[in-house]
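What follows is one structure encoded as structure tokens, with my remarks underneath.
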Amino acid sequence: MRILLIEDDETVAGVVTAGMTEARHEVIHALDGENGLARALNGRFDVMIFDRQLPGGVDGATLLRQLREQRVTTPVLFLSALGDLSDWMAGLDSGGDDYIVKPFVFSELLSRVEALHQRQAAE
């Protein structure tokens with residue numbers, strides 16, 4: 000599986016990348032919303048993982064709305080420190096498929112990402 004990770008926290012990105020690589024998935028990492036948007040529009044990914052709060056003027060929800068307007072249907076899981084119900088709803092309302100709050104358990108993230116991929120592949 001090919002995963003686009005848009006995450007500005009290098010520690011979180013390292014944990015996600017290492018774990019996904021160990022699970023035999025390829026991770027492409029972008030540090031901010033602008034670079035993430037460019038990669039999402041110019042690459043082919045099975046699942047994307049976005050932080051809600053990103054530097055560079057484009058937050059995760061805005062980024063996803065822009066992708067959905069461009070008819071990008073790749074499943075997106077938000078991985079965010081924003082954990083209020085209104086934050087979850089904003090992420091899902093922007094076109095997100097799932098939402099996990101930091102701190103997180105990697106095994107749960109992996110299971111959810113693989114489930115999103117299986118659902119997408121079945122369509």
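Residue 0 is where the sequence shown starts when you use the working numbering, and the numbers rise one by one after that. Positions of the beta carbon are idealized from the N, C-alpha and C atoms, including for glycine.
Between which two residues does the beta strand (DSSP E) carrying LEU76 extend?
Its beta strand (DSSP E) spans residues 75-79.
Could you name the residues that DSSP lists as bridge partners for ALA29?
Answer is ILE5, bridged to ALA29.
Excluding sequence positions up to five away, which residues of its chain have a Cβ less than 8 Å from the Cβ of VAL14?
Once the five neighbours on either side are set aside, the close Cβ partners of VAL14 are PHE105.
Between GLY90, VAL57, MET19, LEU91, which has its C-alpha nearest ALA37's C-alpha?
Selection GLY90, VAL57, MET19, LEU91 evaluated against ALA37 yields VAL57 as nearest (Cα-Cα).
MET0 - DSSP class collapsed to helix/strand/coil:
Note: MET0 maps to coil in three-state DSSP.
For the alpha helix (DSSP H) containing PHE44, name the first residue and the last one.
From DSSP, PHE44 is part of no alpha helix (DSSP H); its letter is neither H nor E.
Specify whether the stretch 67-74 and the stretch 26-33 touch according to this definition: at least 3 beta carbon pairs, one from each stretch, less than 8 Å apart.
Judged by Cβ distances under 8 Å, the stretch 67-74 makes no contact with the stretch 26-33, as fewer than three pairs qualify.
Can the beta-carbon of GLY90 be found less than 8 Å from the beta-carbon of SER79?
With a cutoff of 8 Å on beta-carbon distance, GLY90 and SER79 are scored as near each other.
In whole angstroms, what separates the C-alpha of VAL112 from that of ASP97?
Distance between the alpha carbons of VAL112 and ASP97: 9 Å.
Could you compute how far the alpha carbon of SER110 sits from the alpha carbon of PRO102?
Each residue's alpha carbon lies about 16 Å from the other.
Beta-bridge partners of PHE49, as assigned by DSSP
For PHE49, which the question treats as bridged, DSSP gives the partners ILE5, PHE77.
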